[in-house]
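Chemist:
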Amino acid sequence: MGLDARQGGSSPTPPTRRKARPRPDGVVSSTPGPVSRPSDHARAPRQPGDHRPRGGGHRRPIGGEMRASLDPSPQGTRGRTRWIAGLVLILGTVLSACGVPHGGNAAPSFPGLSTTPVTFRGDGGVTLHGTVVAPPPGRERRAAVVLLHGAGPVTRAEYRNEAEAFARRGIVALVFDKRTAGYSSFHRSYQVLAGDAVAATRALRSQPGVDPDRVGIWGLSEGAWVAVLAANRAPEIAFVITAGAVGMSPARQQAWSYGEFLHHAGVSGSLDHMMQKTGVRQVVGAGLFPEADYDPVPSWEHLRQPVLALWGTLDHEAAPRESSQVIQDALRRGGNTRAAIRFVPDARHNLHVSANGGFDRPYELAPGSADLQATWIKTGVATGSTRPPSQSHPTSAVTRLAPYESPWGQVAAFALFALAFLGHPLVAAARRIRRTPLATPVRRQARLLATFGATSVLGGVVYFFFLVFTAANLIGPVIGGQTIPWLILHLLAVATLVTTVTTAASAWRHRHRLTTGDRVHCGLLLAAGTVFLPWALYWGLLGS
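Numbering-wise (the UniProt record's numbering), the sequence shown opens with residue 1 and increments by one.
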């Protein structure tokens, strides 16, 4: 659920690579040359007086000098070149800001490491592609680990830092692109993903230099649920490492996480309640939250392999204090005596560093995290802290919808709003063509009601799903405990109710001038305005 710290580094000498050569199977592989990168965390220090933007290079001003030109003269060609270069620079800046990492098959950024592209069949025969990142060849076969993604359509590039960190410590790592078939924001199956994970471990066991008896699995967040399921299914998996594992249902965890990010931004009141309570319950009730009620506890109770469960002390997504206790109790009930629970200081949900108390998303690994995991894989000894972090508030159960809250009731309300508010311009245009418009005072009030009502409903729906898809991370400025968009929606909701009253009053005053069609038109608008009142109260658009 960041900025790629790797892009901020520098090296005294540029990396060199041999030219990529095609293999007989059509896969292009590349052999890296030496690259200077001393550690996971080292970055080139900024020198005093160096005011260049991070990421290297100089930012080019965006303005008139980047205008496109169709002039075929040399001046026009230079203009087009500047324009294209500007677009490329802007695109690169945006991708960097969005945390788009380097390609998964790129050469490793540490001398001696090698990458090998692999293809294997996942659950249901789906073809999956990955990359094996390996340390320099040695005399003995090495332990190995498959890295499993967190939630979302994640590619192997997202976990190259982790893969290289393991490889630098003598452990082979496989990262692969998450399936797209059968996986989306609204549909997924953890059992299917577990099948993919088992297939990945078997593909890794067959790699040269890998000890098949020491191949384990590593999972972050959603991947932690999948890792434990895969280990239940495949006893040959030698060990399990989880990062940011969640001990309660996805819906319950997500509601808690919304609250963490909103409270950090200073949000309180109706928006906080809407996201943690109303919104999550409606999404679950509508079937738009995949695996919402999944219970991870039984799989932890059946886990027999050695397990290292890690949480960052700045984790605001997994409810770490609560989850660690739930998982520890489940392991104890299952009789697993080879379990270690540890907490990584100053690390966020994905065990990366944080400069903002765990609410940012950098790509740099937390100091000591990789060493802790590698040592445990090799020796079975877990170092680090056993003291869980504090948790600002406990999670709460996501209750089922009451009959009056039914998603079908929401659909009916939206249908009425669409017919009345969005249909008003079409009806008004048709009446103008027929030269039978509403009486002028009624027409003005009806137009305002339709405008405010449509904007309130559409704006509320769009803003809610924007917060859902961004996990309440991007909310903008906050005034008086409310975000600017939420305050605007409050004003629009009040305006909708006021114009409902004024439209009703105007229609009553001019009732003798209204035709039967006018009365139907006004009645539909007033019905929508009346239904809007309880709808807006339910969604918090009229709350403080």
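Every residue, glycine too, gets a C-beta built ideally from N, C-alpha and C. Since the model is a prediction, treat every value here as computed from it, not as a measurement.
Please report how far the alpha carbon of Thr516 lies from the alpha carbon of Thr451, in whole angstroms.
Modeler: If I take the Cα positions, the gap works out to 23 angstroms.
Chemist: Can you tell me which residues form a DSSP beta bridge with Ala309?
Modeler: According to DSSP, which records beta bridges pairwise, Ala309 is partnered with Thr242 and Ile341.
Chemist: At which residues does the beta strand (DSSP E) containing Thr127 begin and terminate?
Modeler: That run of the beta strand (DSSP E) goes Thr127 to Ala134.
Chemist: Taking DSSP's pairing of strands, which residues face Ser406 in a bridge?
Modeler: The partner list for Ser406 (beta bridge, DSSP) is empty, contrary to what the question assumes.
Chemist: What is the rounded straight-line gap between the Cα of Thr119 and the Cα of Ser184?
Modeler: Using only the alpha carbons, I get a separation of about 22 angstroms.
Chemist: Where does Leu537 land, buried or exposed, given buried means 16+ other C-beta within 10 angstroms?
Modeler: The residue in question, Leu537, is exposed, as its Cβ has fewer than 16 Cβ neighbours within 10 Å.
Chemist: With DSSP run on the structure shown, which of helix, strand or coil describes Leu526?
Modeler: In this structure, Leu526 counts as helix in the three-state DSSP scheme.
Chemist: Count the C-beta pairs between the segment 326-339 and the segment 354-368 that are closer than 8 angstroms, then say yes if the count reaches three, no if not.
Modeler: Verdict: no, contact absent.
Chemist: What are the start and end residues of the beta strand (DSSP E) that includes Arg361?
Modeler: That residue, Arg361, is in no beta strand (DSSP E); it is neither H nor E in DSSP.
Chemist: Keeping to the same chain, check which residues put their C-beta closer than 6 angstroms to that of Ala234; ignore five residues upstream and five downstream.
Modeler: Excluding positions up to five away in sequence, the list reads Val198.
Chemist: Would DSSP call Gly459 helix, strand or coil?
Modeler: Helix, per DSSP.
Chemist: Given a threshold of 16 other Cβ atoms within 10 Å of its Cβ, counted over all protein chains shown, does Pro534 qualify as buried or as exposed?
Modeler: Exposed, by the Cβ-count rule.
Chemist: From Leu147 to Gln328, what does the alpha carbon distance come to, in whole angstroms?
Modeler: One C-alpha to the other measures close to 22 angstroms.
Chemist: Measure the CB-CB distance between Gly358 and His349 and report whether it falls below 9 angstroms.
Modeler: Cβ distance < 9 angstroms, so Gly358 and His349 count as in contact.
Chemist: Among Val280, Leu497 and Tyr363, whose alpha-carbon lies nearest the alpha-carbon of Ala157?
Modeler: For Ala157, the nearest C-alpha among the options comes from Tyr363.
Chemist: How many whole angstroms separate the CB atoms of Ser456 and Leu541, which I take to be in contact at a CB cut-off of 8 angstroms?
Modeler: Right, the Cβ-Cβ distance comes to about 7 angstroms (below 8 angstroms), so this counts as a contact.
Chemist: Given a cut-off of 9 angstroms on the beta-carbon distance, is the pair Gly384 and Val344 in contact?
Modeler: Against a cut-off of 9 angstroms, the Cβ pair of Val344 and Gly384 comes out as a contact.
Chemist: Looking at C-alpha atoms only, which residue of Ala181, Trp225 and His273 is the closest neighbour of Glu301?
Modeler: For the residues Ala181, Trp225 and His273, the minimum Cα distance to Glu301 belongs to Trp225.
Chemist: For Arg23, count the other beta carbons within 10 Å of its own beta carbon; 16 or more makes it buried, fewer makes it exposed. Which is it?
Modeler: With a pLDDT of only 42 at Arg23, under the threshold of 50, the placement of this residue in the model should not be trusted, and no figure is reported.
Chemist: In the DSSP assignment, find the alpha helix (DSSP H) that holds Leu489 and state where it starts and stops.
Modeler: Taken as a continuous stretch (DSSP letters only), the alpha helix (DSSP H) holding Leu489 covers Ile484 to Arg509.
Chemist: Count the CB pairs spanning the segment 250-268 and the segment 391-399 that are closer than 8 angstroms, and state whether there are at least three.
Modeler: Taking 8 angstroms as the limit for Cβ pairs, the verdict is that the segment 391-399 does touch the segment 250-268.
Chemist: With DSSP as the reference, label Val267 as helix, strand or coil.
Modeler: Reduced to three states, the DSSP call for Val267 is coil.
Chemist: Below 7 angstroms CB to CB, which residues in the same chain sit around Ala265 once its five sequence neighbours on both sides are set aside?
Modeler: Cβ neighbours of Ala265 beyond the five flanking positions: Ile475 and Val478.
Chemist: Using the rule of at least 16 other Cβ atoms within 10 Å of the residue's Cβ for burial, across every protein chain shown, is Glu140 buried or exposed?
Modeler: By the neighbour-count rule (16 or more Cβ atoms within 10 Å), Glu140 is not buried but exposed.
Chemist: Per the contact definition of three or more C-beta pairs closer than 8 angstroms, is the segment 494-507 in contact with the segment 464-472?
Modeler: Contact fails: fewer than three Cβ-Cβ distances are below 8 angstroms.
Chemist: Leaving out the 5 sequence neighbours to the left and right, which residues in its chain are closer than 6 angstroms to Gly112 when beta-carbon positions are compared?
Modeler: Excluding residues within five positions, the ones whose Cβ falls inside 6 angstroms are Pro136.
Chemist: Go ahead and label Glu236 buried or exposed: buried means 16 or more other beta carbons lie within 10 angstroms of its beta carbon, across all protein chains shown.
Modeler: That one is exposed.
Chemist: Suppose contacts are defined by Cβ-Cβ distances below 9 angstroms. Is Gly247 in contact with Ser323 by that definition?
Modeler: Yes, they are a contact pair.
Chemist: So the beta strand (DSSP E) Arg214 belongs to, where does it begin and stop?
Modeler: First-last of the beta strand (DSSP E) with Arg214: Val210 to Leu220.
Chemist: Would you mind giving the Cβ-Cβ distance between Ala163 and Val154, rounded to the nearest angstrom? I have them listed as a contact below 8 angstroms.
Modeler: Not a contact, Cβ separation roughly 13 angstroms.
Chemist: Please list, in chain order, all residues of the same chain as Leu288 whose beta carbon is under 6 angstroms from its beta carbon, the five residues on each side excluded.
Modeler: Only Phe186 meet the Cβ criterion.
Chemist: Taking C-alpha atoms, which residue in Ala167, Ala151 and Lys378 lies nearest to Gly244?
Modeler: When each option's Cα is compared against that of Gly244, the closest is Ala151.
Chemist: Under 8 angstroms by Cβ, that's how I've got Ser249 and Asp295 pegged, so tell me the actual separation to the nearest angstrom.
Modeler: Yes, they are in contact, since the Cβ atoms of Ser249 and Asp295 sit about 6 angstroms apart, within 8 angstroms.
Chemist: How about Ala173 and Val132: are their beta carbons less than 9 angstroms apart?
Modeler: Yes, the pair counts as a contact, with Cβ atoms nearer than the cut-off.
Chemist: Where does the unbroken beta strand (DSSP E) through Pro117 begin, and where does it stop?
Modeler: Unbroken beta strand (DSSP E) run through Pro117: Ser114 to Arg121.
Chemist: To the nearest angstrom, report how far apart Leu422 and Leu351 are at their CA atoms.
Modeler: Spanning the two alpha carbons is a distance of roughly 48 angstroms.
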